[in-house]
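Note sheet for the following structure.
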Amino acid sequence: MTTLELDTHILQRRKLWRRVGRSAGIRIGGGLLVLIAFIALFAPLLAPHDPIAQDLTRRLLPPFWQMGTDPSHWLGTDHLGRDYLSRLIYGARVSLGIGLGVTLCAGLIGTMLGLLAGYFGGKTDMLISFIITTRLSLPIVLVALAAVALGGASLQTLAIVLSLLLWDRFAVVVRSATQGLRNREFVQATVSFGASSLHVMLRGILPNLRNTLIVVATLEVANVILLEAALSFLGLGARPPTPSWGLMIAEGREQILFDPWLIALPGSALCLLILAVNLLGDGVRDALDATTS
C-alpha cells in the first residue's frame, strides 16, 4: 500500500467515525442495545428473584404503579407467582442469544453460497439461484410446525430451523456484490499471481463486503428476534418455564382484560429491543453509504 493510499484509507476511516458520532440512530439505537445487552449478560446479578420460582400464594401481584403491590416484586408476578421483573431480565438473554446466534449461522451459510454463485457464475450460479428460489417458497411458520412435530418444541430446534431458513438475504446481497467485484483489477491481479479461488474469495472479495454484511446482519437480527417471539407465542419455540418474551405474552393473553400489564411489559421490552436494532442498522447503513459515496 502506497503512502497516498494509506492516507486516503486513514481519511476515509476518520470520515466514517465522524459520521458514526453524529448519527442519532447509532447513538440512540446503540445505547439502548448496549443497555439491553448489559442486562442480559449480568442477569443473574440484576434479577431480584429466581425467574422460574413459583409461589401460588403471591400470584398476579400488580406492578408498582397499581394498588396492592408488593415492594419485593417491583413489576408484580405472573399467574404462577413468578417475579415478572426477573423474567423480563432473563428474557433479554433468550431474545439476544437467538437473534445473534441465528444471524451468525444464517450469515455464514448465505455468505458462502453468495460468494460461490457470484464468483463462479454459470452452472454454479444457476444451482444456487435455484436453491435460493426454493428457500423463498418455504413458509417459515409451516416449516417450523413440521420441525416441532418431528423434534419437539425447543429453543434449539427453533434456532436450527431459523438458521436454515433466513440465509437467503445474505446470499442474494453477497452474490450481487461479488458479481460486481470479480472483474475488478485487484481481483484479476490476485488471480494472475496464481492464487486459488478460495483465497481470492476469502482474502480478496470478502473483506470488501464487510460494510454490506454489517448492514444486512444488523437488520436481520431484528427479524430473527421478532420471529422467535412470534413462534414462541404460538408454542413453537421456548417451552415453559423458559422466560421468553414471546412466551410471556402468550401466557398473559388470558388475563388481558384484567391485568393488561402482563402483555404490555414483555411487549414493550420486545418493541424496545427491535427499535434499538433497527435504529442502529439504519444509522450504520447511512454512515457507510455516505462514506463510500
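Just so you know, we're using full-length UniProt numbering here: the sequence shown kicks off at 1 and counts up by one.
Glycine is no exception: its CB is placed at the ideal position from the N, C-alpha and C atoms.
According to DSSP, residue pairing for H73 in a beta bridge involves D70. Under the DSSP definition of a beta bridge, D83 partners with T77.
Straight-line spacing of the CA atoms in L206 and L213 works out to 9 Å.
Taking C-alpha positions only, Y84 is separated from T57 by approximately 15 Å.
In this structure, V216 sits away from V277, with a CB-CB distance that is not shorter than 8 Å.
Using a Cβ distance threshold of 8 Å, L209 and V187 do not count as a contacting pair. Annotated as distal: L273 and L75, with beta-carbon spacing of 8 Å or more.
For S268, the number of other beta carbons within 10 angstroms of its own is below 16, and it is reported as exposed. Here the alpha carbon of A177 sits roughly 39 Å from the alpha carbon of F42. Nearest in C-alpha terms to Q54, of all of V34, T69, S86 and W65, is S86. For M248, the enclosing alpha helix (DSSP H) stretches over residues W245 to G252. Taking the Cα positions, L115 is about 20 Å away from L219.
Separation of the CB atoms of L100 and L280 is rounded to 13 Å, and the pair is thereby denied contact status at 8 Å. For F130, the secondary structure class from DSSP, reduced to helix, strand or coil, is helix. Distance from the CA of P243 to the CA of D70, rounded to the nearest whole angstrom, comes to 21 Å. Counting only the Cα atoms, V191 lies some 44 Å from L275.
Cβ-Cβ separation between G91 and G283: approximately 25 Å, too far for a contact (criterion under 8 Å). A Cβ-Cβ separation of about 40 Å leaves A230 out of contact with G204 under the 8 Å criterion. For T77, the closest alpha carbon among the candidates L88, G237 and L61 is that of L61. Note on the stretch 88-172: whole alpha helix (DSSP H) runs with a minimum of 4 residues are 122-136, 140-151 and 155-165, in chain order.
Taking every protein chain shown into account, the CB of V141 has fewer than 16 other CB atoms within 10 angstroms, so this residue is exposed. Straight through space, the alpha carbons of I36 and M112 are spaced by roughly 31 Å. With respect to the C-alpha of S197, the residue from L127, I26, G235 and Y119 having the closest C-alpha is Y119. A check of alpha carbon separations from I225 across R93, I26 and R253 identifies R93 as the nearest.
Residue burial annotation: L236 is buried, with at least 16 other C-beta atoms found within 10 angstroms of its C-beta. In the three-state scheme derived from DSSP, where H, G and I count as helix and E and B as strand, D286 is classed as helix. Distance from the CA of R182 to the CA of W261, rounded to the nearest whole angstrom, comes to 54 Å. The Cβ neighbour count for H199, taken over all protein chains shown within 10 Å, is under 16; the residue is labelled exposed.
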